[in-house]
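Trainee:
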Amino acid sequence: MDSKNNADNTESTTSGRQKQSWRTALKELPHASYFESVKEPVNIKHLDYFAYANATLDKKEYYHHLWASKILPLIKNSTLECLRSQGTRLKREWSETSTTEAFWTQALEDELSKQASENSKRARINAETHLVVQLKDAGVHLSKRMRRDWDALDSASEPALSSQEHATQEALSGEEDEDSEEEARGAARSLTMQCLFGSDFLSSDPIDPSICSDTLSQGTMEEPLPVRIDRMVGPGTLSDHLTGENDYWVGDKNISQQLNKWRREQVDDQSFLTDHDVQEILSLNFIFNHPLVKSLQEQERALWSHRLSEKEHSFVVQVSLACMDQEQEIAEQSVYSLAMKDDLMSSSVFRAARNLMATNALWADMVLVHDNEDSIIERFFKPLVNGFFGSVAGTKLCWTRDALKTGTVDTGELLYPDCMLTTVNGPQQTVLVAEVKKFDAAQQECDRDRVKLFVEMKRCLDGLLTSGVDGPVIGLLAQRHRVEVWALTLPYEAVYLPTHLGSFDMILS
Numbered sequence: 089m090d091s092k093n094n095a096d097n098t099e100s101t102t103s104g105r106q107k108q109s110w111r112t113a114l115k116e117l118p119h120a121s122y123f124e125s126v127k128e129p130v131n132i133k134h135l136d137y138f139a140y141a142n143a144t145l146d147k148k149e150y151y152h153h154l155w156a157s158k159i160l161p162l163i164k165n166s167t168l169e170c171l172r173s174q175g176t177r178l179k180r181e182w183s184e185t186s187t188t189e190a191f192w193t194q195a196l197e198d199e200l201s202k203q204a205s206e207n208s209k210r211a212r213i214n215a216e217t218h219l220v221v222q223l224k225d226a227g228v229h230l231s232k233r234m235r236r237d238w239d240a241l242d243s244a245s246e247p248a249l250s251s252q253e254h255a256t257q258e259a260l261s262g263e264e265d266e267d268s269e270e271e272a273r274g275a276a277r278s279l280t281m282q283c284l285f286g287s288d289f290l291s292s293d294p295i296d297p298s299i300c301s302d303t304l305s306q307g308t309m310e311e312p313l314p315v316r317i318d319r320m321v322g323p324g325t326l327s328d329h330l331t332g333e334n335d336y337w338v339g340d341k342n343i344s345q346q347l348n349k350w351r352r353e354q355v356d357d358q359s360f361l362t363d364h365d366v367q368e369i370l371s372l373n374f375i376f377n378h379p380l381v382k383s384l385q386e387q388e389r390a391l392w393s394h395r396l397s398e399k400e401h402s403f404v405v406q407v408s409l410a411c412m413d414q415e416q417e418i419a420e421q422s423v424y425s426l427a428m429k430d431d432l433m434s435s436s437v438f439r440a441a442r443n444l445m446a447t448n449a450l451w452a453d454m455v456l457v458h459d460n461e462d463s464i465i466e467r468f469f470k471p472l473v474n475g476f477f478g479s480v481a482g483t484k485l486c487w488t489r490d491a492l493k494t495g496t497v498d499t500g501e502l503l504y505p506d507c508m509l510t511t512v513n514g515p516q517q518t519v520l521v522a523e524v525k526k527f528d529a530a531q532q533e534c535d536r537d538r539v540k541l542f543v544e545m546k547r548c549l550d551g552l553l554t555s556g557v558d559g560p561v562i563g564l565l566a567q568r569h570r571v572e573v574w575a576l577t578l579p580y581e582a583v584y585l586p587t588h589l590g591s592f593d594m595i596l597s
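Under my numbering, the residue at position 411 of the sequence shown is numbered 499, and the numbers go up by one with no gaps.
1) Decide if the region 337-353 is in contact with the region 576-595; the criterion is three or more beta carbon pairs, one per stretch, under 8 Å apart.
2) For N348, does the three-state DSSP call read helix, strand or coil?
3) Does the Cβ of I418 have 16 or more other Cβ atoms within 10 Å, making it buried, or fewer, making it exposed?
4) Do the CB positions of E544 and L485 come within less than 7 Å of each other?
5) Taking C-alpha atoms, which residue in Y140, C534 and S205 lies nearest to A120?
6) Span of the beta strand (DSSP E) holding H394?
7) Using a threshold of 7 Å, state whether the C-beta atoms of K148 and W182 are closer than that.
8) Within its chain, find whatever has a CB closer than 8 Å to the CB of T144; leave out the 5 residues flanking it on each side and keep chain order.
9) Go ahead and label S371 buried or exposed: buried means 16 or more other beta carbons lie within 10 angstroms of its beta carbon, across all protein chains shown.
10) Got a sec? Which residues, its chain only, sit under 6 Å from Y137 by beta carbon, not counting five neighbours each side?
11) Hey, out of K179, P118 and K164, whose CA is closest to Y151's CA?
12) If you compare alpha carbons, which of R352, T494 and V524 is closest to S555?
13) On the criterion of 16 or more Cβ atoms from any shown chain inside 10 Å, does H394 qualify as buried, or is it exposed?
14) Which same chain residues end up closer than 6 Å to I369 when comparing Cβ atoms and leaving out the 5 residues on each side of it in sequence?
15) Please classify L304: does DSSP put it in a helix, a strand, or coil?
16) Please state the DSSP three-state secondary structure of L472.
17) Where does the unbroken beta strand (DSSP E) through K484 begin, and where does it stop?
18) Here's a check: name, in chain order, each residue in its chain whose Cβ is nearer than 6 Å to the Cβ of Q416, leaving out the five neighbours to either side.
19) Kindly indicate which three-state DSSP category H152 falls into: helix, strand or coil?
20) Confirm, please, whether the CB-CB distance from P471 to T447 is below 7 Å.
21) Compare the beta carbon distance of M433 and A427 with 7 Å and say whether it is the shorter of the two.
22) Just to confirm my understanding: we take D598, look at its own chain, exclude 5 residues before and 5 after, and list those with CB closer than 6 Å. What are they?
23) Name the DSSP bridge partner or partners of C411?
24) In the DSSP output, what is D593 paired with across the bridge?
25) Excluding sequence positions up to five away, which residues of its chain have a Cβ less than 8 Å from the Cβ of R172?
26) Given a cut-off of 7 Å on the beta-carbon distance, is the pair Q387 and N377 in contact?
27) Go to A120, then tell me how far its alpha helix (DSSP H) extends in each direction, as first and last residue.
28) Give the DSSP-derived three-state secondary structure of Q517 in the structure shown.
29) Alpha carbon to alpha carbon, what distance is there between F374 and N474?
30) Tell me which same chain residues have a C-beta within less than 8 Å of the C-beta of S591, skipping the five on either side of it?
31) By Cβ distance below 6 Å, which residues in the same chain neighbour R568 in space, the five residues on each side in sequence not counted?
32) Around the Cβ of A575, are there at least 16 other Cβ atoms within 10 angstroms (buried) or fewer (exposed)?
33) Tell me whether L585 is buried or exposed, calling it buried when 16 or more other Cβ atoms sit within 10 Å of its Cβ.
34) For P515, I'd like the list of residues in its chain whose CB is within less than 6 Å of its CB, leaving aside the five on either flank, ordered along the chain.
35) Output the boundary residues of the beta strand (DSSP E) element that contains L509.
36) May I have the straight-line CA-CA distance separating S125 from L168, to the nearest angstrom?
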C-alpha cells in the first residue's frame with residue numbers, strides 16, 4: 089500500500105515538474121502570464137495570446153513579428169517534447185491568415201465601439217459641465233452688472249431722493265397732500281429700476297439672454313453645446329479649483345493637489361516677484377517641469393519614440409550620412425534611392441527629407457549675422473521648418489508678425505511667436521509654435537524666450553481643449569545653434585506636462 093502511494097506521489101511530482109518546466113521555457117516572453125494561465129501546451133493558440141495581451145490594430149505588425157519570429161521558433165525547436173510536438177499545429181494555425189485577419193477586424197470593431205461609447209459619455213459630461221459653467225458665468229456677469237449699476241444709482245438717484253424728501257417735508261408741514269408723497273415715491277422707484285436694469289426689465293428666464301448672448305440664443309437651453317474637456321484648469325480658464333475627477337496619483341499621493349497647492353503658495357509669496365527663476369514662473373501657469381512628473385514625461389517620451397518605425401529611424405540616419413558634404417542634386421538623388429530601397433516613398437519622413445533637400449536656400453552661401461534675429465530665421469530656421477511642416481494639409485505657417493491663434497479673439501495679452509503652424513479654417517487653432525533667439529543673445533533673453541514659448545504652448549493647448557481636441561501642442565526653441573523640440577499635453581488636472589522630445593543642431597553650412 090505504501091509503495092503504491094509513493095508511486096502516485098512520484099508520478100504527481102514528475103507531472104508538476106514537467107508543467108513547470110515548459111512554462112519556465114516560455115517565461116522570458118512578453119505577456120508570459122498567458123502561458124501560466126494555459127493548462128497544457130495543446131491549449132496554446134496565437135489568437136488567444138493576442139487577446140490576452142489586449143492587442144490593438146496599431147500593434148498588429150509588432151505581434152505578428154513577435155509570434156512568427158520569436159514564439160513559434162522557440163516552441164518548434166524546444167528541447168521539451170511536450171512543446172516541440174505542438175510546433176506543427178501552431179504553424180498550421182498561423183498559416184490560416186483568414187482566421188487571423190478576422191481577429192484583427194473584430195479587434196478594430198471593438199476598439200471603435202469602445203471609443204464611440206467613451207466619446208459619447210465624455211460629450212454628455214462635458215455638455216452638462218458647460219451648462220453649469222454657463223449658469224455660474226451668468227451669475228457672475230449679473231453680479232458685476234448690478235454692482236456697477238448700484239454705483240450709478242448712488243449718483244443718479246440723488247435728485248429723485250432729494251425731491252422725495254422735499255415732498256415728504258412739505259406733506260408733513262401741510263403744504264402737500266398724500267398724493268404728492270406717493271407720486272414722489274413712485275418716481276424714485278421707477279428711476280431705481282431703470283438704473284439697475286435699463287429701460288427693459290430682465291426676462292423671467294433662468295438666464296438673461298442679454299447677458300449670455302454669446303453662448304445662448306434667445307435664452308434657450310435647447311441648442312447643441314460645444315464639447316469641452318473639463319480637465320483644463322489654470323489662469324484664464326474655467327477655474328483654478330480642481331474637480332478631483334482626474335487627479336494624478338502616485339501611490340497615496342495626490343500630485344495634482346500637491347502641485348496646485350504649491351502654485352497657490354508661490355502666488356501668495358510676495359518675495360517671489362523679486363526672486364524667481366524660469367521654472368517658478370512657468371509653474372504659475374501650471375507648467376511643471378518637476379521631479380513629481382518625471383515618470384509621466386518618461387512615458388510620454390517613450391510613446392513619441394515609437395511614432396517612427398525602425399525603417400524610418402534607419403532612413404533618417406542613412407540620409408544624414410549620405411547627404412553630408414554633397415551637392416544638392418546628389419543629395420536629392422540619395423534621398424530618393426534610400427526611400428525606394430526601404431519602401432518608404434509614402435512615408436512622411438521621406439516627404440520631409442525630400443522637401444528639405446529641395447530647398448535652395450539651404451544650399452546657398454552662408455552669411456552669418458550673429459546679432460540679427462530676422463536674418464537667422466530667414467536663412468536657417470525657415471528652410472528647416474518649411475521642409476517638415478510647409479505642406480501639411482489644412483494648415484499654414486505664419487511668421488513673426490501674426491498674433492497667436494487660439495480659437496478665440498482674446499482681449500487680454502497678445503503673443504507674437506516667431507513661427508506657428510495654424511489651421512486654415514476658422515476658428516484658427518495653433519498646433520506648433522516656435523521661438524528663435526539670435527546667436528549672441530544673453531542668457532536672460534534666452535530665459536525669457538523659454539518662458540514665452542511654454543506660455544504660448546499652454547494658450548494653444550487651452551484653445552484645442554476648448555474645441556474638444558485633446559492636444560498635443562509642439563514647441564520649437566531655437567537658441568544659438570541648438571533647437572529643442574517639446575510637446576505639451578494635459579494628461580491630468582493641473583498638470584500641463586512639458587516633455588523634451590529631443591534636440592538637434594541647425595544646418596549652418
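Glycine residues also receive a C-beta, built at the ideal position from the N, C-alpha and C atoms.
Mentor: With the given structure in hand:
1) yes
2) To locate residue 348, count along the sequence shown from 1; it is residue 260. In this structure, N348 counts as helix in the three-state DSSP scheme.
3) Residue mapping note: residue 418 aligns to position 330 of the sequence shown, counting from 1. Looking at its Cβ environment, which holds fewer than 16 other Cβ atoms inside 10 Å, I418 is exposed.
4) Working through the sequence shown from its first residue, we reach residue 544 at position 456. Working through the sequence shown from its first residue, we reach residue 485 at position 397. In this structure, L485 does not lie closer than 7 Å to E544 by Cβ.
5) One-based indexing of the sequence shown puts residue 120 at position 32. Of Y140, C534 and S205, the residue nearest in Cα terms is Y140.
6) The residue you call residue 394 lines up with position 306 of the sequence shown. Element bounds for H394: n/a, residue is neither H nor E.
7) Along the sequence shown, read from residue 1 onward, the residue named residue 148 stands at position 60. Along the sequence shown, read from residue 1 onward, the residue named residue 182 stands at position 94. No, these two residues do not count as a Cβ contact at 7 Å.
8) Stepping through the sequence shown from its first residue, residue 144 is reached at position 56. So the list reads A195 and E199, once near-sequence residues are dropped.
9) Translated into the one-based positions of the sequence shown, residue 371 becomes position 283. So S371 ends up on the buried side.
10) As a working mapping, residue 137 is identified with position 49 in the sequence shown. Closer than 6 Å at the Cβ level, and outside the excluded window around Y137, lie Y122.
11) Reading the sequence shown from its first residue, position 63 is the one you call residue 151. Closest option to Y151, Cα to Cα, is P118.
12) Taking the first residue of the sequence shown as 1, we reach residue 555 at position 467. Among R352, T494 and V524, the Cα nearest to that of S555 is on T494.
13) For the purposes of this step, residue 394 is taken as residue 306 along the sequence shown, with counting starting at 1. It is exposed - the Cβ of H394 has fewer than 16 other Cβ atoms within 10 Å.
14) Locating residue 369 in the sequence shown gives position 281, where the first residue counts as 1. Excluding residues up to 5 positions away in sequence, V539 lie with their Cβ nearer than 6 Å to the Cβ of I369 in the same chain.
15) Here residue 304 refers to the residue found at position 216 of the sequence shown. Confidence at L304 is low in this model, with a pLDDT of 31, below 50, so its placement is unreliable and no value can be given for it.
16) Position 384 of the sequence shown, counted from the start, is the residue given in the question as residue 472. If DSSP states are grouped into helix, strand and coil, L472 belongs with the helices.
17) Start at 1 with the first residue of the sequence shown, and residue 484 comes out as number 396. Residue range T483 to W487 is occupied by the beta strand (DSSP E) that includes K484.
18) On the sequence shown, position 328 is the one that residue 416 refers to. Taken in chain order, the residues that qualify are W451.
19) As a position in the sequence shown, residue 152 is number 64, starting the count at 1. Here H152 sits in helix by DSSP.
20) Here residue 447 corresponds to residue number 359 of the sequence shown, with the count starting at 1. Here residue 471 corresponds to residue number 383 of the sequence shown, with the count starting at 1. Taking 7 Å as the Cβ cut-off, T447 and P471 qualify as a contacting pair.
21) Here residue 433 refers to the residue found at position 345 when the sequence shown is read from its first residue. Here residue 427 refers to the residue found at position 339 when the sequence shown is read from its first residue. Against a cut-off of 7 Å, the Cβ pair of A427 and M433 comes out as a contact.
22) One cannot answer for residue 598 here, as it falls past the ends of the chain, which runs 89 to 597.
23) As a first step, residue 411 is located in the sequence shown; it is residue number 323 there, counting from the start. Looking at the DSSP assignment, C411 forms no beta bridge with any residue, so it has no partner.
24) Here residue 593 corresponds to residue number 505 of the sequence shown, with the count starting at 1. For D593, which the question treats as bridged, DSSP gives the partners R570.
25) Position 84 of the sequence shown, counting from 1, holds the residue named residue 172. Excluding sequence neighbours, R172 sits near I163, K164, N165 and S166.
26) In the sequence shown, counting from the first residue as 1, residue 387 sits at position 299. In the sequence shown, counting from the first residue as 1, residue 377 sits at position 289. No, the pair does not count as a contact, with Cβ atoms beyond the cut-off.
27) Residue mapping note: residue 120 aligns to position 32 of the sequence shown, counting from 1. No alpha helix (DSSP H) contains A120, which DSSP labels as neither H nor E.
28) Here residue 517 refers to the residue found at position 429 of the sequence shown. Three-state DSSP puts Q517 in a strand.
29) Along the sequence shown, read from residue 1 onward, the residue named residue 474 stands at position 386. Along the sequence shown, read from residue 1 onward, the residue named residue 374 stands at position 286. Whole-angstrom Cα-Cα distance: 31 Å.
30) As a working note, residue 591 is residue 503 in the sequence shown. R570, V571, E572 and V573.
31) Counting from one through the sequence shown, the residue named residue 568 turns up at place 480. Only F527 meet the Cβ criterion.
32) Here residue 575 refers to the residue found at position 487 of the sequence shown. Its Cβ being crowded by 16 or more others within 10 Å, A575 is buried.
33) As a working mapping, residue 585 is identified with position 497 in the sequence shown. By the 10 Å Cβ count, L585 comes out buried.
34) On the sequence shown, position 427 is the one that residue 515 refers to. Within the same chain, P515 has close Cβ partners G495.
35) Within the sequence shown, the letter at position 421 stands for residue 509. Segment C507 to T511, the beta strand (DSSP E) holding L509.
36) Looking up residue 125 in the sequence shown gives position 37. Looking up residue 168 in the sequence shown gives position 80. The straight-line gap from Cα to Cα measures roughly 19 Å.
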